Amino acid sequence: MNINEMHIVSDIKKKPIVFSAIQPSGTITIGNYVGAVRQWINMQHKFDCIYCIVDQHAMTIRPKPSELKKNILDILALFLACGIDYNKCIIFIQSHVPQHSQLSWILNCYTYYGELKRMIQFKNHLLKNNYNINVGLMNYPILMIADILLYQTNIVPVGIDQKQHLELCRTVARRFNSIYKQDIFTIPQCFFVDSGNLVMSLQKPQEKMSKSDINKNNLISLLEDPSWAAKKIKKACTDSNNPPKIIFDTVNKPGISNLIYILSGITNMSIGDIEDKFVDNKYDDFKNIVAEAVSIKLHNIQEKFFEFRRNEKLLFQIISEGALQASNRAQQTLIKLYDIIGFV
Numbered sequence: 001m002n003i004n005e006m007h008i009v010s011d012i013k014k015k016p017i018v019f020s021a022i023q024p025s026g027t028i029t030i031g032n033y034v035g036a037v038r039q040w041i042n043m044q045h046k047f048d049c050i051y052c053i054v055d056q057h058a059m060t061i062r063p064k065p066s067e068l069k070k071n072i073l074d075i076l077a078l079f080l081a082c083g084i085d086y087n088k089c090i091i092f093i094q095s096h097v098p099q100h101s102q103l104s105w106i107l108n109c110y111t112y113y114g115e116l117k118r119m120i121q122f123k124n125h126l127l128k129n130n131y132n133i134n135v136g137l138m139n140y141p142i143l144m145i146a147d148i149l150l151y152q153t154n155i156v157p158v159g160i161d162q163k164q165h166l167e168l169c170r171t172v173a174r175r176f177n178s179i180y181k182q183d184i185f186t187i188p189q190c191f192f193v194d195s196g197n198l199v200m201s202l203q204k205p206q207e208k209m210s211k212s213d214i215n216k217n218n219l220i221s222l223l224e225d226p227s228w229a230a231k232k233i234k235k236a237c238t239d240s241n242n243p244p245k246i247i248f249d250t251v252n253k254p255g256i257s258n259l260i261y262i263l264s265g266i267t268n269m270s271i272g273d274i275e276d277k278f279v280d281n282k283y284d285d286f287k288n289i290v291a292e293a294v295s296i297k298l299h300n301i302q303e304k305f306f307e308f309r310r311n312e313k314l315l316f317q318i319i320s321e322g323a324l325q326a327s328n329r330a331q332q333t334l335i336k337l338y339d340i341i342g343f344v
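With the UniProt record's numbering, letter number 238 in the sequence shown gets 238, and the count goes up by one each step, no holes.
1) Express the C-alpha separation of Ala36 and Pro157 in angstroms, rounding to a whole number.
2) Taking all protein chains shown into account, decide if Arg309 is buried (16 or more other Cβ within 10 angstroms of its Cβ) or exposed.
3) What residues in its chain sit with their C-beta under 7 Å from that of Gln164, if we drop five residues either side in the sequence?
4) Can you have a look at Lys64 and say buried or exposed, based on whether 16 or more other CB atoms are within 10 angstroms of its CB?
5) Report the rounded CA-to-CA distance for Asn268 versus Ile187, giving the unit in angstroms.
6) Taking the alpha helix (DSSP H) that Pro226 falls in, what are its first and last residues?
7) The alpha helix (DSSP H) that contains Ala173, what's its start and end?
8) Can you tell me whether Phe47 is helix, strand or coil according to DSSP?
9) Taking DSSP as the reference, what is the three-state secondary structure of Asp280?
10) Can the beta-carbon of Ile142 be found closer than 8 Å to that of Leu337?
11) Can you name the residues that DSSP bridges to Val158?
12) How is the alpha helix (DSSP H) around Ile72 delimited, first residue to last?
13) First and last residue of the alpha helix (DSSP H) that includes Ile17?
14) With burial defined as no fewer than 16 other Cβ atoms inside 10 Å of the residue's Cβ, what is the status of Phe306: buried or exposed?
15) Would Gln44 pass as a contact of Cys89 if the rule is Cβ separation under 8 Å?
16) Cα separation between Asp11 and Phe47?
17) For Met200, list the residues DSSP reports as bridge partners.
18) Within its chain, find whatever has a CB closer than 7 Å to the CB of Lys301; leave out the 5 residues flanking it on each side and keep chain order.
19) Counting only the same chain and skipping the five closest in sequence on each side, list residues whose C-beta sits under 8 Å from that of Gln317.
20) Give me, in chain order, the residues of the same chain whose beta-carbon lies closer than 8 Å to that of Gln182; leave out the 5 immediate sequence neighbours on both sides.
21) Does Ile262 come out as helix, strand or coil in the three-state DSSP assignment?
22) So what does DSSP say about Thr29, is it helix, strand or coil?
23) Bridge partners of Asp221, per DSSP?
24) Verify whether the separation of the beta carbon atoms of Lys235 and Asn217 is less than 8 Å.
25) Nearest to Ser104 by CA position, among Ile179, Leu334 and Val344, is which residue?
26) Once the 5 residues before and after Ser195 are set aside, which same chain residues still bring their CB inside 6 Å of it?
27) Just how far apart, CA to CA, sit Val251 and Ala21?
Shown next, in the form of structure tokens:
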């Protein structure tokens, strides 16, 4: 589904339901902000949005309890600081809504072992960990499917790396509906971020920016010192073209294209406008422009972040109310489901 189709769907009286989630496994990078959070901010004005902090998914790496608790509240405060409005959407923590686990177990019984073994992410985990991994990593997609289907989700904004999981979600939903000859689950549509428009590693612009990268010069966290972030931008990889040209070309100029996309994402300038304005700039001059814009953006987000983070009473109120709203919706799906499959 493309953005134009989404606009058409949103004209229907009942707003389409959007579900999206993020793991509390560390801070949010500028890549997460431009590629995901910024989309969520825009969507909350046009759709019925449900945003989930998936702490149960995070258990696959067995995080330290103190770190997990801190990360959950940090992510929530960052959501709010970036512009997600808890009055316009539902924000909650996955483990606070037990229906996620309840539906996940049922869906285990309608998903085949071979389907899970074929998941590319699972295969990668096997190779990286010499086949010594926990069962949670294999079942991860089933819990993800439960997250989505619980809310009769219409649209799932997701990275291209999750495409296979979303296709499995659609397959399982169709299978369930077919077995019981009823439209129990809504078949969700996938809204993928353009693979050419991803924030890439600063030093290796052929690779996606990742918060798990051990080389911290490759990424920018929304909570890092703005001056350090600016230095990373100024040291970012470009190219050796002479004369230099500020042109968006991800194949031949991945480094410059990455900086253009970052600037576009944090200023809302179109890529075309950036090219027109800066096409003849020297690379160092353009890096300084991007560095300053990133520094200002981080400063503004962090100022709001610390204001929200200090107000834990508000944070717990938001997640409590969000869990109640999410649970009420999820229970409607489970009541119908339990009756159909024969639970008393």
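All C-beta atoms in this analysis are idealised placements derived from N, C-alpha and C, irrespective of residue type, glycine included.
Just so we're clear, the structure is a prediction, and the values are computed from it rather than from any experiment.
In short, the structure shows the following:
1) Mapped onto the sequence shown, residue 157 falls at position 157. Mapped onto the sequence shown, residue 36 falls at position 36. If you take the alpha carbons of Pro157 and Ala36, they lie about 8 Å apart.
2) Within the sequence shown, residue 309 is the residue found at index 309, counting from 1. Buried, because 16 or more other Cβ atoms sit within 10 Å of the Cβ of Arg309.
3) As a working note, residue 164 is residue 164 in the sequence shown. Excluding sequence neighbours, Gln164 sits near Met119 and Ile120.
4) Taking the sequence shown and counting its residues from 1, one reaches residue 64 at position 64. Exposed, since its Cβ has fewer than 16 Cβ neighbours within 10 Å.
5) Here residue 268 is taken as the residue at index 268 of the sequence shown, counted from 1. Here residue 187 is taken as the residue at index 187 of the sequence shown, counted from 1. Their backbone Cα atoms lie some 32 Å apart in a straight line.
6) For the purposes of this step, residue 226 is identified with residue 226 of the sequence shown, where counting begins at 1. Here the alpha helix (DSSP H) through Pro226 covers Pro226 to Lys234.
7) As a working note, residue 173 is residue 173 in the sequence shown. Its alpha helix (DSSP H) spans residues Lys163 to Tyr180.
8) Position 47 of the sequence shown, counted from the first residue, corresponds to residue 47. Coil at Phe47, not helix or strand.
9) By one-based count along the sequence shown, residue 280 stands at place 280. DSSP places Asp280 in coil when its eight states are reduced to three.
10) Indexing the sequence shown from 1 puts residue 142 at position 142. Indexing the sequence shown from 1 puts residue 337 at position 337. Against a cut-off of 8 Å, the Cβ pair of Leu337 and Ile142 comes out as no contact.
11) Mapped onto the sequence shown, residue 158 falls at position 158. DSSP lists Phe192 as partners of Val158.
12) For the purposes of this step, residue 72 is taken as the residue at position 72 of the sequence shown. First-last of the alpha helix (DSSP H) with Ile72: Pro65 to Cys82.
13) Against the sequence shown, residue 17 aligns to sequence position 17. Looking at the DSSP string, Ile17 is not in any alpha helix (DSSP H); the run it does join, the beta strand (DSSP E), is Ile17 to Ile22.
14) Mapped onto the sequence shown, residue 306 falls at position 306. Exposed.
15) On the sequence shown, position 44 is the one that residue 44 refers to. On the sequence shown, position 89 is the one that residue 89 refers to. For Gln44 and Cys89, yes; Cβs fall inside 8 Å.
16) Reading the sequence shown from its first residue, position 11 is the one you call residue 11. Reading the sequence shown from its first residue, position 47 is the one you call residue 47. Confidence at Asp11 is low in this model, with a pLDDT of 42, below 50, so the placement of that residue should be treated as unreliable; the coordinate-derived value is given next. Spanning the two alpha carbons is a distance of roughly 10 Å.
17) By 1-based counting over the sequence shown, the position of residue 200 is 200. For Met200, which the question treats as bridged, DSSP gives the partners Lys208.
18) Counted from its first residue, the sequence shown places residue 301 at position 301. Residue identity check: residue 301 is Ile in the sequence provided, not Lys. Only Ala81, Cys82 and Leu222 meet the Cβ criterion.
19) On the sequence shown, residue 317 is found 317 positions in, with the first residue counted as 1. Taken in chain order, the list of residues that qualify is empty.
20) For the purposes of this step, residue 182 is taken as residue 182 along the sequence shown, with counting starting at 1. Here the set comprises Ile340.
21) What you label residue 262 is simply residue 262 of the sequence shown in a count that begins at 1. Ile262 falls in the helix class under three-state DSSP.
22) Taking the first residue of the sequence shown as position 1, residue 29 is located at position 29. In the structure shown, Thr29 sits in a strand (DSSP, three-state: E or B).
23) Position 221 of the sequence shown holds residue 221. Residue identity check: residue 221 is Ser in the sequence provided, not Asp. Answer is Thr29, bridged to Ser221.
24) As a first step, residue 235 is located in the sequence shown; it is residue number 235 there, counting from the start. As a first step, residue 217 is located in the sequence shown; it is residue number 217 there, counting from the start. In contact: Lys235 and Asn217 (Cβ atoms closer than 8 Å).
25) By 1-based counting over the sequence shown, the position of residue 104 is 104. It is Leu334 whose Cα lies nearest to the Cα of Ser104.
26) On the sequence shown, residue 195 is found 195 positions in, with the first residue counted as 1. Its pLDDT being 48, under 50, Ser195 is placed unreliably by the model, and the measurement read from it follows with that caveat. Here the set comprises Ile160.
27) For the purposes of this step, residue 251 is taken as residue 251 along the sequence shown, with counting starting at 1. For the purposes of this step, residue 21 is taken as residue 21 along the sequence shown, with counting starting at 1. Cα to Cα, Val251 sits roughly 30 Å from Ala21.
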